[in-house]
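Chains as they are written, first to last, in the numbering used here: chain A, 11 to 654; chain B, 52 to 344.
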């Protein structure tokens, strides 16, 4: 029985050289030890690993020696009988033993099939030494991340839009397009934050005015009485010529279909939670600065003057005045010599003098009315309950303290002429003279004999009977006297003498309640300032036709432009954006301003302009007694009615 | 800007030669030309942002915001194109070094372009996501620039004139010697040696790669086992222990090499995928603006 050990070696050129060697003996030993018949230099093989024998020269018996087995057809065995004719493959550590039969001989082929060590394996240098082997590929990561981003932030939101395309109001809950919300909505629109489609109706179409007026139904018309009637072309032409930046913006807008002149151009959203911010001056000045020339060029001539900044560029006020007696009210630019006929005669200078008859009379009433040593503006002019405007002067309330219409006292009750009713005055006076005959002198009574001569002129008979005889014509005289120069009515009113078919008539009195129709002036906000600080012409005014409305110059003593711009020296500057006096929506109401800003300005004046408030506090007292508080003067007219 | 690069060819070649001699890297390329350009750009943006008064306030939707956004988006696309450029050989004097230098400095200027584009209005939305991804990409790139400037020295010191394959070959040689030397050992002693031979020098996850720590190293284990073992012939065992020590040192050098290379490469695994995530988020950002115009 012979075993043949076959060795195959490969030359460098790849040629295989086969060497066969006959092995002595019937029992072949296999192991790592050098004493074995087949010496396998493999650490995974035991020194004496197995024996190989054959009893019949055909079947090969392989038996493991030292506990460690071998692999046969994938299973670990310790003993195996192999038909050499069929052949077999056994595995010892990293070596393979192939059994075959050739020419009645058993061929044993031993080959190393595993690498000697792990490091001996071939490696791809570029891959093994870099991170490629241990990291997910960059390309893979790029795809995964990119697709995730597109799914979550592009497809998802578009899907959210698509699924509520024709739905009026979205249900609550998460909508993928909320990831597109570029900033918090203002507090008024906060409830819409999940419903992008309430404003962004169509994709790739800029928010339209239609989306706004769907909800803002009422306000839209009232939005701007001054601007709503202007055609859009005119509004667009009014805007200032675009700078480089605006041209860029316009380029973007034109290129990407974003029409201009929409509500949202000014009412920007997604600017952060909170209330609408105060309107900045630029909002107005963008158009009104140099607007008249632009509009003229564009074919929309306007009567509006240019305005850019209150401190430096603002037209003079144009108050509403009556240029002639009984004439129509017109807006006229404030200038020296402007007259306003209200039908009254009232010299302010006489009434405001520190000395003279008026001051002395006022002083004499100090206990009874809230007068000082002389008359002050507040003694006659009273403000409305909201403090904004001054009430029209009322005779009974504001003049009658001094200008009494009393003519008789009957049993402690004073009778006064009826103000505002000339016919009644005539009737009252006539009746007075008729109903009260002259008192009969005592001498005319009794039965005693009278001496002649009592009828002589200057004697009692003559006086009495003369009185009785002329009584009715004395009434005529009294009436004429009242309505003529030096009479009670004539002093203050323009009187028309009786004409055919008419009695005495008094010219109508029209006091303008609001001179500045376009701007808003709040007297209450200026209550720390003395009246004459602004109404500078009042103390020297000799006629009531003098227009005493302060001009721009007086305002600019304190008020400067939004950015502090000014043309005159200002001690305590109050930054005044347009919206302080003008209301864009022009509904006649008070301009809106954030509460904090309003307060700040008042405090500034109170704190700093002490000299201004001093004059007022001298009259009204300090602290709680504000200038316009209703308690500042006894309002009652009882005293006047009692003949005071 | 084109005039900046219009040089005569011969002069360019000469300049290039001087640069080669000085080992001028992409950071100091052309006397920090791109650092100056992008620094100027940043300064221009910061100053003009403060001076220009846009209503109602700065944000991406103002004309200034649109301008910065357009610049930023185009810049991002151009910066991404470096990946294409570096795979393309050209003989142009718009060298890869010039391109890389511009990539680094213009990429850094994107911090200002992108952040100032936001008008500092950030929130939890796709717009801020795009900004955050951009910042991550830039920061990872910044890390890359820093390691490229510092680590190659360490890499070179560690190699000691050896190539990577020579390092591996050294380990293979020790493995062969170990295999031979361990033949006389008893089976108890050969088992740890066998495990050491079976150990893949490139094994270990990303953590092991970057930290350079391999607590389950089979070679170290075999060294410990054989030092304590008394079972085989002392002479043979001592020889094996000596070889194991040498293998351990060679392995440590290779692992240090792998660690430094890992640190040099890891940022690209953030930089590149996040760039594409950024481009996707940027597309969503831009489309969203026009979609809800």
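C-beta atoms are modelled at their ideal positions from N, C-alpha and C, and glycine is treated no differently. Given the structure is predicted, the values throughout are model-derived calculations rather than measurements.
Unbroken beta strand (DSSP E) run spanning residue 208 (chain B), endpoints: The sequence position of residue 208 (chain B) within the second chain is 157, counting from 1. It is not in any beta strand (DSSP E) - residue 208 (chain B) instead sits in the alpha helix (DSSP H) that spans 177-210.
Sequence-distant residues of the same chain with beta carbon closer than 7 Å to residue 310 (chain A), five excluded per side: Position 300 of the first chain, counting from 1, holds the residue named residue 310 (chain A). The answer, listed in chain order, is 244, 247.
Check whether residue 269 (chain B) and residue 246 (chain B) have beta carbons under 8 Å apart: Reading the second chain from its first residue, position 218 is the one you call residue 269 (chain B). Reading the second chain from its first residue, position 195 is the one you call residue 246 (chain B). Going by C-beta atoms, residue 269 (chain B) is nearer than 8 Å to residue 246 (chain B).
Test: residue 31 (chain A) CB closer than 8 Å to a CB of chain B: Numbered from 1 along the first chain, position 21 holds the residue referred to as residue 31 (chain A). No, no contact with chain B.
Contiguous alpha helix (DSSP H) assignments of at least 4 residues, all confined to the stretch 132-189 of chain A: Runs of the alpha helix (DSSP H) inside the stretch 132-189 of chain A: 135-138, 148-160, 166-173.
Where the stretch 147-163 of chain A meets chain B: residues whose CB sits under 7 Å from a CB there: Answer set for the stretch 147-163 of chain A: 148, 151, 152, 155, 156, 159, 160, 163.
Reduced DSSP secondary structure (H/G/I, E/B, other) of residue 94 (chain A): Taking the first residue of the first chain as position 1, residue 94 (chain A) is located at position 84. Residue state, collapsed to three classes: coil.
Whole-angstrom C-beta distance between residue 474 (chain A) and residue 508 (chain A), which should lie under 8 Å: Along the first chain, read from residue 1 onward, the residue named residue 508 (chain A) stands at position 498. Along the first chain, read from residue 1 onward, the residue named residue 474 (chain A) stands at position 464. 31 Å between Cβ atoms; not a contact.
Proximal chain A residues relative to residue 226 (chain B), where beta-carbon distance stays under 7 Å: If you number the second chain from 1, residue 226 (chain B) lands on position 175. Correct list: 126, 127, 129, 130.
Burial state of residue 418 (chain A), where buried means 16 or more other Cβ atoms lie within 10 Å: Sequence index remark: in the first chain, residue 418 (chain A) carries index 408 (1-based). Classification of residue 418 (chain A): exposed, given that the 10 Å Cβ count is below 16.
Straight-line gap, residue 294 (chain B) to residue 46 (chain A) (C-alpha atoms, nearest Å): Residue mapping note: residue 294 (chain B) aligns to position 243 of the second chain, counting from 1. Residue mapping note: residue 46 (chain A) aligns to position 36 of the first chain, counting from 1. Whole-angstrom Cα-Cα distance: 27 Å.
Which of helix, strand or coil DSSP assigns to residue 531 (chain A): Locating residue 531 (chain A) in the first chain gives position 521, counting from the first residue. In this structure, residue 531 (chain A) counts as coil in the three-state DSSP scheme.
Start-to-end residues for the beta strand (DSSP E) that takes in residue 420 (chain A): Here residue 420 (chain A) refers to the residue found at position 410 of the first chain. Its beta strand (DSSP E) spans residues 416-420.
Residue nearest to residue 148 (chain A) in terms of C-alpha spacing, selected from B:343, B:334, B:324: On the first chain, position 138 is the one that residue 148 (chain A) refers to. The residue with the shortest Cα to Cα distance from residue 148 (chain A) is B:324.
Inside the stretch 481-568 of chain A only - alpha helix (DSSP H) runs reaching at least 4 residues: 541-544, 562-565
Contact with chain B by residue 145 (chain A), beta-carbon distance below 8 Å: As a working mapping, residue 145 (chain A) is identified with position 135 in the first chain. It does; some Cβ of chain B falls within 8 Å.
For residue 127 (chain B) and residue 312 (chain B), the rounded distance between their alpha carbons: Within the second chain, the letter at position 261 stands for residue 312 (chain B). Within the second chain, the letter at position 76 stands for residue 127 (chain B). Distance between the alpha carbons of residue 312 (chain B) and residue 127 (chain B): 27 Å.
Cut-off 6 Å between Cβ atoms - residues of its own chain near residue 7 (chain A), not counting five sequence neighbours on either side: Here chain A covers residues 11 to 654 and nothing more, so residue 7 (chain A) does not appear.
Reduced DSSP secondary structure (H/G/I, E/B, other) of residue 105 (chain A): As a working note, residue 105 (chain A) is residue 95 in the first chain. DSSP places residue 105 (chain A) in strand when its eight states are reduced to three.
Nearest-angstrom Cα separation, counted from residue 80 (chain A) out to residue 16 (chain A): Here residue 16 (chain A) refers to the residue found at position 6 when the first chain is read from its first residue. Here residue 80 (chain A) refers to the residue found at position 70 when the first chain is read from its first residue. Cα to Cα, the separation comes out at about 20 Å.
At least three beta-carbon pairs within less than 8 Å, the stretch 512-522 of chain A to the stretch 389-396 of chain A: no
Any C-beta of chain A under 8 Å from that of residue 203 (chain B): For the purposes of this step, residue 203 (chain B) is identified with residue 152 of the second chain, where counting begins at 1. Chain A, which has no Cβ nearer than 8 Å to the Cβ of residue 203 (chain B), makes this no.
At least three beta-carbon pairs within less than 8 Å, the stretch 247-255 of chain B to the stretch 324-334 of chain B: No contact exists between the stretch 247-255 of chain B and the stretch 324-334 of chain B.
Run of the alpha helix (DSSP H) containing residue 660 (chain A), from where it starts to where it stops: Residue 660 (chain A) is absent from the structure shown; chain A starts at 11 and stops at 654.
Coarse secondary structure for residue 632 (chain A), derived from DSSP in three states: The count along the first chain starts at 1 and reaches residue 632 (chain A) at position 622. With a pLDDT of 34 at residue 632 (chain A), under the threshold of 50, the modelled position of this residue cannot be trusted, and the question is left open.
Residue 308 (chain B) - DSSP class collapsed to helix/strand/coil: Residue mapping note: residue 308 (chain B) aligns to position 257 of the second chain, counting from 1. Three-state result, residue 308 (chain B): helix.
Stretch pair the stretch 217-237 of chain B + the stretch 286-303 of chain B: three plus CB contacts closer than 8 Å: yes
Through-space distance from residue 298 (chain B) to residue 48 (chain A), alpha-carbon basis: As a working mapping, residue 48 (chain A) is identified with position 38 in the first chain. As a working mapping, residue 298 (chain B) is identified with position 247 in the second chain. Here the C-alpha atom of residue 48 (chain A) lies approximately 30 Å from the C-alpha atom of residue 298 (chain B).
Residue environment, residue 102 (chain B), which counts as buried when at least 16 other CB atoms sit within 10 Å: Taking the second chain and counting its residues from 1, the one referred to as residue 102 (chain B) is at position 51. Residue 102 (chain B) is exposed by the Cβ-count criterion.
Residues bridged to residue 12 (chain A) [DSSP beta-bridge criterion]: To locate residue 12 (chain A), count along the first chain from 1; it is residue 2. For residue 12 (chain A), which the question treats as bridged, DSSP gives no partner whatsoever.
Residue 228 (chain B), enclosing beta strand (DSSP E) - first and last residue: Reading the second chain from its first residue, position 177 is the one you call residue 228 (chain B). It is not in any beta strand (DSSP E) - residue 228 (chain B) instead sits in the alpha helix (DSSP H) that spans 215-232.
Contact with chain A by residue 285 (chain B), beta-carbon distance below 8 Å: Within the second chain, residue 285 (chain B) is the residue found at index 234, counting from 1. For residue 285 (chain B), the answer is no, since every Cβ of chain A falls outside 8 Å of its Cβ.
Assigned secondary structure, residue 26 (chain A) (DSSP; H/G/I helix, E/B strand, else coil): By one-based count along the first chain, residue 26 (chain A) stands at place 16. DSSP places residue 26 (chain A) in strand when its eight states are reduced to three.
Spatially closest choice to residue 186 (chain A) from A:170, A:197, A:242, by CA coordinates: The sequence position of residue 186 (chain A) within the first chain is 176, counting from 1. For residue 186 (chain A), the nearest C-alpha among the options comes from A:170.
Amino acids of chain B, ordered along the chain, whose beta-carbon sits closer than 8 Å to that of residue 206 (chain A): Within the first chain, the letter at position 196 stands for residue 206 (chain A). Those within 8 Å of residue 206 (chain A) in chain B are 343.
Cα-Cα separation between residue 517 (chain A) and residue 561 (chain A), rounded to whole angstroms: Position 507 of the first chain, counting from 1, holds the residue named residue 517 (chain A). Position 551 of the first chain, counting from 1, holds the residue named residue 561 (chain A). Cα to Cα, the separation comes out at about 29 Å.
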